[in-house]
Amino acid sequence: MREQLILGIELSCDETAASIIRHGARGEILSSVIYSQIDEHAPYGGVVPEIAARSHLALMSTVVERAMNEASLGFDQLTGVAATAGPGLIGGVMVGLTTGKAIALAYDLPFLPVNHLEAHALTVRLNEDIAFPYMLLLVSGGHCQILWVKGLGEYRILGQTRDDAVGEAFDKAAKFLGLPYPGGPEIERHAAQGDGRRLVLPKPLYGTPGCDFSFSGLKTALQVQAQELAPATPQDIADLCASLQVSIIDCLVDRVSRALELLREEGETVTDFVVAGGVAANQKLRSRLATSASDYHVRFHVAPMELCTDNAAMIAWTGCEYMRANLWPDRDLALATAPRARWPLAS
Ligand code: KG4
Ligand code: ZN
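If you count the sequence shown from 1, you need to add 324 to reach our numbering.
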């Protein structure tokens with residue numbers, strides 16, 4: 325395969341991101357520009373779709389230009405453009421998809437509409453030689469699912485959240501406790517000073533059949549405990565954070581173990597387990613998952629943090645994967661792709 329230079333564009337949530345990957349024998353990130361809108365959303369304790377869409381529109385061209393400059397490339401040197409077509413907040417997806425299509429049209433390049441979840445699922449292969457199939461836990465502000473990654477475009481959902489995503493649960497709990505957005509890192513920081521056994525919170529779906537998650541009841545239980553303690557002292561807050569973290573991690577580890585067992589029961593050979601998404605930054609979660617993987621004699625992988633959270637290198641990398649497999653779609657068909665707010669990887 326001749327060397328590829330793929331531009332990736334990602335705007336599905338609150339990051340405006342563009343990246344270029346050169347792919348010869350291996351993938352190499354030439355640039356990865358990420359503008360995070362966290363400061364704009366922080367006063368509201370969560371992402372405000374209208375603000376996100378307007379901000380993407382204002383930043384898009386600068387971010388793409390910076391990615392091209394950092395890679396020292398002109399648009400005419402690219403060999404393809406890949407952009408997130410969903411799932412995500414529709415305003416941002418529309419801006420990113422349209423920008424990608426416009427560049428592809430202007431420079432007569434092939435175009436790939438990318439599923440954001442598939443990009444998360446494949447990213448680990450950018451830096452490590454992990455062969456299909458592998459099991460993936462995707463934990464972020466918008467997603468919480470366990471996938472069996474069989475190959476490009478071949479995914480099986482083993483379990484998913486029935487209500488809130490796990491990062492969303494951290495963020496909502498933090499907001500309720502008066503901690504800043506994003507809540508996950510704040511909860512982890514306060515939990516380090518707290519006692520996770522003092523206040524007992526539920527562990528929804530823990531130990532039940534199947535591999536699904538549920539976090540909305542946990543959030544409500546935390547509110548009840550916090551109200552009983554009002555006015556909460558700093559130690560109460562730390563203890564609440566520690567209890568929340570214990571419950572969430574116990575649930576995640578339980579569901580992952582269940583999924584590993586399920587695959588084994590079905591006769592699959594599971595050799596590798598990957599965790600991705602912003603919540604993978606949580607150190608306690610990582611170490612518990614690593615222990616679980618070793619208990620099941622499975623290799624444990626976490627992509628580097630800058631690739632775990634939303635970024636455009638994962639979109640460009642998905643383009644490289646599809647290019648390598650000769651699976652880029654017909655250009656006219658790709659250019660006709662509509663943005664999608666919902667786009668499950670599999671049913
Ligand atoms: O992948 P990501 O950057 O964006 C989404 O696609 O959502 O994930 C962001 C989520 C937020 O909900 C944030 O609170 C959570 O990841 N998060 C954490 C930690 N760092 C980020 N959750 C728990 N512990 C952390 N250390
Ligand atoms: Zn994501």
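Think of the CB as a built atom: it goes at the ideal place given N, C-alpha and C, for glycine as much as any other residue. Everything numeric in this text was worked out from a predicted model, so none of it was measured.
Inter-stretch contact (C-beta, 8 Å, three-pair minimum) for the segment 629-644 and the segment 337-355: yes
Other residues of its chain near valine 570: CB distance less than 7 Å, five sequence neighbours each side excluded: Position 246 of the sequence shown holds residue 570. Gly520.
6 Å Cβ shell around leucine 462 - same chain, five flanking residues per side excluded: Counting from 1 along the sequence shown, the entry for residue 462 is found at position 138. Answer for leucine 462: His444, Gln469, Ala600, Gly601, listed in chain order.
Separation of leucine 329 from leucine 354, as counted between CA atoms: Translated into the one-based positions of the sequence shown, residue 354 becomes position 30. Translated into the one-based positions of the sequence shown, residue 329 becomes position 5. Near 9 Å, if we compare the C-alpha coordinates of leucine 329 and leucine 354.
Cut-off 7 Å between Cβ atoms - residues of its own chain near alanine 604, not counting five sequence neighbours on either side: In the sequence shown, counting from the first residue as 1, residue 604 sits at position 280. The answer, listed in chain order, is Val463, Arg610, Val626, Cys632.
Closer than 6 Å: alanine 605 CB and nearest the ligand KG4 heavy atom: As a first step, residue 605 is located in the sequence shown; it is residue number 281 there, counting from the start. Alanine 605: yes, Cβ under 6 Å from the ligand KG4.
Short CB-CB distance (under 7 Å) between cysteine 565 and chain C: Looking at the structure shown, chain C is missing, and only one protein chain is on hand.
Rounded straight-line distance, which links the Cα of arginine 623 to that of phenylalanine 537: The residue labelled residue 537 in the question sits at position 213 within the sequence shown. The residue labelled residue 623 in the question sits at position 299 within the sequence shown. Each residue's alpha carbon lies about 23 Å from the other.
Integer Cβ distance of leucine 476 from leucine 651, believed to fall under 8 Å: By 1-based counting over the sequence shown, the position of residue 476 is 152. By 1-based counting over the sequence shown, the position of residue 651 is 327. Right, the Cβ-Cβ distance comes to about 6 Å (below 8 Å), so this counts as a contact.
Distance cut-off 6 Å: aspartate 304 Cβ against heavy atoms of the ligand ZN: Residue 304 falls outside the range modelled here, since the chain spans only 325 to 671, and no answer is possible.
Tyrosine 479 - DSSP class collapsed to helix/strand/coil: Position 155 of the sequence shown, counted from the start, is the residue given in the question as residue 479. Note: tyrosine 479 maps to strand in three-state DSSP.
Cβ pair leucine 335, valine 419 closer than 7 Å: Residue numbering aside, residue 335 sits at position 11 when the sequence shown is read from its first letter. Residue numbering aside, residue 419 sits at position 95 when the sequence shown is read from its first letter. Yes, they are a contact pair.
CB-CB length for alanine 498 against glycine 507, believed under 8 Å: As a first step, residue 498 is located in the sequence shown; it is residue number 174 there, counting from the start. As a first step, residue 507 is located in the sequence shown; it is residue number 183 there, counting from the start. Indeed, because the Cβ distance is near 2 Å, the residues count as touching under 8 Å.
Limits of the alpha helix (DSSP H) - the one that arginine 664 falls within: Here residue 664 refers to the residue found at position 340 of the sequence shown. Premise fails: arginine 664 is in no alpha helix (DSSP H) and is neither H nor E.
CA-to-CA distance, arginine 326 to glycine 465, given in whole angstroms: Position 141 of the sequence shown, counting from 1, holds the residue named residue 465. Position 2 of the sequence shown, counting from 1, holds the residue named residue 326. Each residue's alpha carbon lies about 37 Å from the other.
Where the alpha helix (DSSP H) containing tyrosine 646 begins and where it ends: By 1-based counting over the sequence shown, the position of residue 646 is 322. 637-648 is the extent of the alpha helix (DSSP H) around tyrosine 646.
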